Amino acid sequence: MFDPQVLISATQTFVQQHQALAPAVVFALAFGESLALVSFLVPATVLLLAIGALIEASGLHFFPIWLAAAAGAALGDAISYWFGFYYKDRAKTFWPLSRRPDLVAKAEDFFTRFGVWGVAVGRFFGPVRAVVPLIAGILAMRQSHFQMANVASAAIWAFAMLAPGAVALRLFGG
Numbered sequence: 001m002f003d004p005q006v007l008i009s010a011t012q013t014f015v016q017q018h019q020a021l022a023p024a025v026v027f028a029l030a031f032g033e034s035l036a037l038v039s040f041l042v043p044a045t046v047l048l049l050a051i052g053a054l055i056e057a058s059g060l061h062f063f064p065i066w067l068a069a070a071a072g073a074a075l076g077d078a079i080s081y082w083f084g085f086y087y088k089d090r091a092k093t094f095w096p097l098s099r100r101p102d103l104v105a106k107a108e109d110f111f112t113r114f115g116v117w118g119v120a121v122g123r124f125f126g127p128v129r130a131v132v133p134l135i136a137g138i139l140a141m142r143q144s145h146f147q148m149a150n151v152a153s154a155a156i157w158a159f160a161m162l163a164p165g166a167v168a169l170r171l172f173g174g
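Now the structure itself:
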C-alpha cells in the first residue's frame, strides 16, 4: 500500500540534496497540481507545503521557488483552459472527468456563478481547482480575462503553499 509520508520524505530529501533543482521540482509539482487531467494523480499540495519548510531549514531562496510554483500553476491552468476551449464538451468525456460528473457540475456552477472571480478563487478550492480552468475554456471565457485571473491567483496560491512552512519553521524553530 502507498504511504504518502514516504513520498513526502523522499521529496524533501531529494530537494535538500539537490537544492539547485528545487525550482524545477516545485515547477513540476505546481504544474501537475494545476493540470486538469493530471491533478487527481499528483499530491502536490502537501509536497509544496513540505518544501516550504525546507526553504527556511535548508537556506533555500524563497523567490525562485515561489516564482517556479507560480509559473507551474499558471501554465497548468493555461493548458487546462486551452484543452477545454479546444475540445469543448467532449473534454468532459475524458478520464478522470468522465468518472466525476458531479465534480464537473460543481465546477460549472461555480464558474457560472462567479465568472472571472471563479477562476481566481477556484484555485483555492481543492477538488475543483484544476477543473475550473477547463470549464472556463469549455464555456469560452475571454482568454485575456482568464489569464489575468490565472496569473494573479497562481502567484498568491504559490505564496500560500510555500510561505506557511517557511514561516512556521522560523517562528517555532522546527
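The sequence shown maps to residues 1 to 174 in the UniProt record's numbering. Cβ coordinates follow ideal geometry from the N, Cα and C atoms, glycine included. Because the structure is a prediction, the values reported are computed rather than measured.
| Asked | Found |
| --- | --- |
| The segment 56 to 71 in contact with the segment 116 to 124 per 3-pair CB rule at 8 Å | no |
| Check whether Val-151 and Ala-44 have beta carbons under 8 Å apart | no |
| C-beta atoms of Val-128 and Leu-103 nearer than 8 Å | yes |
| Touch test, the segment 5 to 13 against the segment 47 to 62, Cβ-Cβ under 8 Å, three pairs minimum | yes |
| Same chain only: Cβ atoms within 7 Å of Lys-106, ignoring 5 sequence neighbours per side | Val-128 |
| Trp-95 beta carbon near the ligand SAM (any heavy atom closer than 7 Å) | Among the ligands in the structure shown, none appear at all, so the ligand SAM cannot be discussed. |
| Exposure label - Asp-3; buried when at least 16 CB within 10 Å | exposed |
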